[in-house]
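Count the sequence shown with mature numbering (1 follows the signal peptide of the UniProt record, and there is no 0) and you get residues -20 to -1, 1 to 170, in order. Down below is the structure, laid out as structure tokens.
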Amino acid sequence: MRLLQLALTTGLSLSAITAAQTMYTWVDDDGTRHFSDSQPENTANTITLPQHEPLTAPSHQEGETLTPYQHDIEQQHASSSPPAVTTPLEINITAPEPDSAVRSNNGSLQVKATLNRNLAPNEQLQLIANGVNYDALKTQPNWQLKNLDRGQHSLSIQAFRDGKLIASSQPITVHLLRATIKSVKPSPNS
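And the structure:
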């Protein structure tokens, strides 16, 4: 039984390969040329396609001179591999100063940091304000915080590579001074 199945499967496979090599063409009454891999009922010309071996890309041998195009392709392949990051990332918050008092009546605060090296393409920074992520991950070490309440705020910056924490700055405390509007109490005489 298995031998019969094997013979039938092989025969059908070979006939499909052979049929795929034959094409038919004909012109209809409107003058339109048609092509098909199945034989139509009307008179059609048979076209037999040649056998083609799959092509392989030529390999570059050491010592061969490359065309400018090939040289560019080789450089792209070499630069596409992610660079090995050897220096551990260090983050320092430079503005505002630690334990400083910042006056901002609208509650805005600018946070800046310095890094000891450039971020790799898969690395991003996250500002942590009062223990909560502020804004989305980004690649530039500066943030503009808006509408902060007056009082004490804790700030730190974390760096992530492919979603994993790789570095964190020392947390700093900032005191935001903001003017308040005193409510006017009605006097008892009015």
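Idealized CB from N, CA, C, for every residue including glycine.
Please go through the same chain and pick out, in chain order, the residues whose beta-carbon is closer than 6 Å to the beta-carbon of L157, but skip the five residues on each side of it. By the criterion of a C-beta distance shorter than 6 Å, L157 is surrounded in its chain by A81, R83, once the five residues flanking it on both sides are discounted.
Does the separation of the CB atoms of W6 and T23 fall below 8 Å? Their beta carbons are under 8 Å apart, which means W6 touches T23 by this criterion.
Contact belief for A93 with P121 at Cβ below 8 Å, rounded distance in angstroms: Rounded, the Cβ-Cβ distance is 4 Å, consistent with contact.
Whole beta strand (DSSP E) elements within the segment 67 to 123, 3-residue minimum: For the segment 67 to 123, whole beta strand (DSSP E) runs of length 3 or above, ordered along the chain, are 71 to 75, 80 to 83, 89 to 95, 103 to 109, 112 to 118.
Considering Cα atoms alone, identify which of D8, R130, W123 is closest to N86. Checking every option, the nearest Cα to that of N86 belongs to R130.
What distance in whole Å lies between the Cβ atoms of Q138 and I108, which are believed to be in contact at a cut-off of 8 Å? Right, their Cβ atoms sit about 6 Å apart.
Just verifying my parser: in three-state terms, what is the DSSP assignment at I27? Reduced to three states, the DSSP call for I27 is strand.
Along the chain, where does the beta strand (DSSP E) that runs through H14 open and close? Counting along the chain, the beta strand (DSSP E) containing H14 begins and ends at 13 to 16.
Specify, as a first and last residue, the run of the beta strand (DSSP E) that I137 falls within. Run containing I137: 131 to 141, per the beta strand (DSSP E) assignment.
Could you please give the first and the last residue of the uninterrupted beta strand (DSSP E) stretch that includes K144? Run containing K144: 144 to 148, per the beta strand (DSSP E) assignment.
I'd like to know whether the C-beta atoms of E70 and A159 end up nearer to each other than 8 Å. Not a contact, by the Cβ cut-off of 8 Å.
Measure the C-alpha to C-alpha separation of D142 and E103 and round it to an integer number of angstroms. Each residue's Cα considered, the two are about 7 Å apart.
Compute the beta-carbon to beta-carbon distance between N113 and Q106, rounded to the nearest angstrom, for a pair I have assumed lies under 8 Å. Contact check for N113 and Q106: beta-carbon distance about 6 Å, within the 8 Å limit, so the pair qualifies.
Once you ignore the five residues that flank Q132 on each side, which residues in its own chain have a CB closer than 7 Å to its CB? So the list reads T153, H155, once near-sequence residues are dropped.
Which two residues bound the contiguous beta strand (DSSP E) that contains I152? Here the beta strand (DSSP E) through I152 covers 152 to 157.
By Cβ distance below 8 Å, which residues in the same chain neighbour P34 in space, the five residues on each side in sequence not counted? Closer than 8 Å at the Cβ level, and outside the excluded window around P34, lies no residue.
Would you call V91 buried or exposed, if buried means 16 or more other Cβ atoms sit within 10 Å of its Cβ? Classification of V91: buried, given that the 10 Å Cβ count is 16 or more.
Please tell me whether S134 and N110 are closer than 8 Å, where the distance is taken between their beta carbons. Yes, they are a contact pair.
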